[in-house]
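Okay, structure first, notes after.
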Amino acid sequence: MLARHEGGEFLLRIEDTDTERNRPELTTNMLDMLQWLGLKWDGEPTFQSDRGELYKAAAATLASGGHAYYCECTAEQVQARNKESGGKPGYDGFCRDRGLGPGPGRALRFRAPDDGETRFDDLIRGEVVVENRNIEDFVLLRSNGNPTFLLANIVDDADMQITHVLRGEEHLNGTPKYLLLRDALGFDYQPVFAHLPLLVNEQRKKLSKRRDDVSVADYKARGFLPEAMVNYLALLGWGPPDGVEVRPVEEMVPLFRIEDVSPSPALFDIKKLTFVNGEWIRMLAVDDFVQRAREFTDSPALEALAPLAQERVKVLDELPSYFDWVDGPAEDPKSWDKAMKLANAGEILDEITVAYTDAAWNRDELHARFMALAEKLGVSASKVQGPIRVATTGRMVGLPLFEVLEYLGQEETLARLRKARTRLA
RNA sequence: GCCCCCAUCGUCUAGUGGCCUAGGACACCACCCUUUCAAGGUGGCGGCACGGGUUCGAAUCCCGUUGGGGGUGCCA
11 MLARHEGGEF LLRIEDTDTE RNRPELTTNM LDMLQWLGLK WDGEPTFQSD
61 RGELYKAAAA TLASGGHAYY CECTAEQVQA RNKESGGKPG YDGFCRDRGL
111 GPGPGRALRF RAPDDGETRF DDLIRGEVVV ENRNIEDFVL LRSNGNPTFL
161 LANIVDDADM QITHVLRGEE HLNGTPKYLL LRDALGFDYQ PVFAHLPLLV
211 NEQRKKLSKR RDDVSVADYK ARGFLPEAMV NYLALLGWGP PDGVEVRPVE
261 EMVPLFRIED VSPSPALFDI KKLTFVNGEW IRMLAVDDFV QRAREFTDSP
311 ALEALAPLAQ ERVKVLDELP SYFDWVDGPA EDPKSWDKAM KLANAGEILD
361 EITVAYTDAA WNRDELHARF MALAEKLGVS ASKVQGPIRV ATTGRMVGLP
411 LFEVLEYLGQ EETLARLRKA RTRLA
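Residue numbers for the first sequence, in our numbering: 11 to 435.
Written as structure tokens, this is what we have:
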């Protein structure tokens, strides 16, 4: 798939589409992801099937030039022969000199050199040298006629004059093959290589789609901000020279140099991502926060209490638990037990359930009366708020109590307190 | 098996021969602040994998060992 940067400054080619099955939805997902992350692009995606003739021409050049040959071995046959000769994987060159022509069931293989070495410079890893005899005869054209990734890769790169080949370390081994193909095809083409470190899981294995959480859509659904995601991703394998880690991409771009990227694998640490996300949430303008928070809660109290929630939440999907008291105290037996088992829980509720009319029902007044009550009962303020909090919101933890009570209003608050008192008795 | 890559606190990193008694961030712990929880503040815990060289001097350079990862597909 191809995507051109907005300013036309560079051409980004993303190779993710299966050349054989050619599933467009993969491309669509990727474009959605890029957009969410704020990476601009334009231009229409290009599929490999649109460029088939180019690959076939290259394959023909290779075959007629003696750089490739047809092979009718099946995977099973190769495997069986390898097993017999000592279990070494890789193609054994069985059809190398059989002079087979094209035909059904026959794949085209590259004839790798028997000697010499292939070397290249990598911005991140320095010089990499591989002896050609360690490179086996890999497939160029499948028996169904479709080109493989490697062939499409070099043809596209040379054709588009790709300047920078930046990819994961898993492609490091493929690079000598890529270069061998380039030379066999006679291309005058020399990109700059940079093989980036792999992202690994807790077991230090390469992050895989099958067993790890790698879908950006999932992080989006959980309430991670794209700003935080990009920010955190940039921190893997790299650190800003001034040490300021939480900052917008625009600020990191001028600081970033691909050659400063670390060559060793990095662990994707959800804890730090969460921290960065919390920082970004707190940096949001309140109305922006409210807008984004709306995806996660439909509470009518959101607008009124947004700044208080904004300061507490690290991931947006925590929001519901901060606002589930609006229609009545949340069901949370643990909180109830913890708060109400206090010896003087009943006494606290008795004292606080008295209405007042000599002052406005607001945070400051509630606070003042609450403090007076704590002093009167000779109990710490933090102890006193427990029963009240649970009686009104159902939970032991949550937004600051008096703001919540102010929002609830005197009538509703007192009703909840009395109800709790009855239940307690 | 073979080939390639990698190796600083638990994690992400700074460090490119003396500014290193190895710095920062996350996490963790303690204290402060405080109506809960957060946020904020202060402090703490914690690392150059090992062994040889080179050098007046090595986390930094070289070699080896060990450990980890990747590749070894008619996947990309």
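Note that the Cβ used here is the ideal one computed from N, Cα and C, for glycine as well.
Here the structure is a predicted model, which is why all the values come from computation and not from measurement.
- In terms of DSSP beta bridges, what is F203 paired with? Position 193 of the first sequence, counting from 1, holds the residue named residue 203. Answer is D132, V175, bridged to F203.
- Message: Only counting the same chain, and skipping five residues up and downstream in sequence, which positions put a Cβ closer than 7 Å to that of D125?
- Response: In the first sequence, counting from the first residue as 1, residue 125 sits at position 115. Closer than 7 Å at the Cβ level, and outside the excluded window around D125, lie N142, R143.
- Query: Since E416 contacts N354 with CB under 8 Å, what's their CB separation in whole angstroms?
  - Reply: Stepping through the first sequence from its first residue, residue 416 is reached at position 406. Stepping through the first sequence from its first residue, residue 354 is reached at position 344. Between N354 and E416 the Cβ distance is about 25 Å, and since that is not below 8 Å, they are no contact.
- Message: For the structure I just gave you, are there three or more beta carbon pairs, one from the region 250-262 and one from the region 178-198, closer than 8 Å?
- Response: no
- Alpha carbon of H181 to alpha carbon of H205, nearest angstrom: Within the first sequence, residue 181 is the residue found at index 171, counting from 1. Within the first sequence, residue 205 is the residue found at index 195, counting from 1. When rounded, the distance between both Cα atoms is 7 Å.
- Task: Kindly indicate which three-state DSSP category E63 falls into: helix, strand or coil?
- Result: Locating residue 63 in the first sequence gives position 53, where the first residue counts as 1. It is helical.
- CB contact flag (K187, F148, <8 Å): Within the first sequence, residue 187 is the residue found at index 177, counting from 1. Within the first sequence, residue 148 is the residue found at index 138, counting from 1. The answer is yes: Cβ separation under 8 Å.
- Query: Along the chain, where does the alpha helix (DSSP H) that runs through V226 open and close?
  - Reply: Reading the first sequence from its first residue, position 216 is the one you call residue 226. Element bounds for V226: 226-232.
- Just tell me which of A316, E212, V286, K282 has its CA closest to the CA of E413. In the first sequence, counting from the first residue as 1, residue 413 sits at position 403. The candidate whose alpha carbon is nearest that of E413 is A316.
- V210 and P275 look like a contact to me (Cβ under 8 Å); what is the Cβ gap, rounded to whole Å? In the first sequence, counting from the first residue as 1, residue 210 sits at position 200. In the first sequence, counting from the first residue as 1, residue 275 sits at position 265. Between P275 and V210 the Cβ distance is about 5 Å, and since that is below 8 Å, they are a contact.
- Task: Can you grab the Cα-Cα spacing for the pair V240 / G62, in whole Å?
- Result: To locate residue 240, count along the first sequence from 1; it is residue 230. To locate residue 62, count along the first sequence from 1; it is residue 52. Answer to the nearest angstrom: the Cα atoms are 35 Å apart.
- Task: With a 10 Å radius around its C-beta and 16 neighbouring C-beta atoms as the bar for buried, classify R31 as buried or exposed.
- Result: Position 21 of the first sequence, counting from 1, holds the residue named residue 31. Caution is warranted here: a pLDDT of 48 is assigned to R31, below 50, making its placement in the model unreliable, and no coordinate value can be reported.
- Item | Sequence-distant residues of its chain with Cβ nearer than 8 Å to F285 (five each side left out) | Reading the first sequence from its first residue, position 275 is the one you call residue 285. If we look at F285 and ignore the five residues flanking it on each side, its Cβ neighbours are K324.
- In DSSP terms, what R119 is bridged to: What you label residue 119 is simply residue 109 of the first sequence in a count that begins at 1. Answer by DSSP bridge pairing, in chain order: Y79, V149.
- Message: Taking the straight line between their C-alpha atoms, what separation do you get for E289 and I358?
- Response: Within the first sequence, residue 289 is the residue found at index 279, counting from 1. Within the first sequence, residue 358 is the residue found at index 348, counting from 1. The alpha-carbon atoms of E289 and I358 are separated by roughly 37 Å.
- Query: Is there contact here, the region 329-344 with the region 297-317, by at least three beta-carbon pairs under 8 Å?
  - Reply: yes
- Mark Q301 as exposed unless 16 or more other C-beta atoms lie within 10 angstroms of its C-beta, in which case mark it buried. Here residue 301 corresponds to residue number 291 of the first sequence, with the count starting at 1. Under this definition Q301 is an exposed residue.
- Task: Note the first and the last residue of the continuous alpha helix (DSSP H) segment covering W346.
- Result: Numbered from 1 along the first sequence, position 336 holds the residue referred to as residue 346. Unbroken alpha helix (DSSP H) run through W346: 343-350.
- By the 10 Å Cβ neighbour count, where 16 or more other Cβ atoms means buried, how is I268 classified, buried or exposed? Position 258 of the first sequence, counting from 1, holds the residue named residue 268. Label assigned to I268: exposed.
- Check whether the Cβ atoms of V224 and L217 sit closer than 8 Å, and answer yes or no. Counted from its first residue, the first sequence places residue 224 at position 214. Counted from its first residue, the first sequence places residue 217 at position 207. For V224 and L217, yes; Cβs fall inside 8 Å.
- Apart from the five residues just before and just after W346, which ones in its own chain have a Cβ nearer than 8 Å to its Cβ? Looking up residue 346 in the first sequence gives position 336. Around W346: V400, G404.
- Message: Classify A382: buried if its beta carbon has 16 or more other beta carbons within 10 angstroms, exposed otherwise.
- Response: The residue labelled residue 382 in the question sits at position 372 within the first sequence. So A382 counts as exposed.
- Task: To the nearest angstrom, report how far apart A365 and G249 are at their CA atoms.
- Result: In the first sequence, residue 365 corresponds to position 355, counting from 1. In the first sequence, residue 249 corresponds to position 239, counting from 1. Cα to Cα, A365 sits roughly 57 Å from G249.
- Which stretch, first to last residue, makes up the alpha helix (DSSP H) that contains P236? Position 226 of the first sequence, counting from 1, holds the residue named residue 236. Run containing P236: 236-245, per the alpha helix (DSSP H) assignment.
- Any idea if G233 is buried or exposed, counting beta-carbon neighbours within 10 angstroms, 16 or more meaning buried? Position 223 of the first sequence holds residue 233. G233 is buried by the Cβ-count criterion.
- Enumerate, from N- to C-terminal direction, the unbroken alpha helix (DSSP H) stretches of 4 or more residues contained entirely within the region 365-395. 373-387
- Buried or exposed: where does Q213 fall if 16 or more other Cβ atoms within 10 Å of its Cβ makes it buried? Your numbering for residue 213 matches position 203 in the first sequence. So Q213 ends up on the exposed side.
- Task: Indicate whether L277 and T363 have their beta-carbon atoms separated by less than 8 Å.
- Result: Taking the first sequence and counting its residues from 1, one reaches residue 277 at position 267. Taking the first sequence and counting its residues from 1, one reaches residue 363 at position 353. Taking 8 Å as the Cβ cut-off, L277 and T363 do not qualify as a contacting pair.
- Task: Evaluate the contact criterion for the region 67-87 versus the region 95-115: three or more CB pairs, one atom per stretch, below 8 Å.
- Result: yes
- Query: In three-state terms, what does DSSP make of K98?
  - Reply: The residue labelled residue 98 in the question sits at position 88 within the first sequence. Looking at K98 - three-state DSSP - the assignment turns out to be coil, as it is neither helix nor strand.
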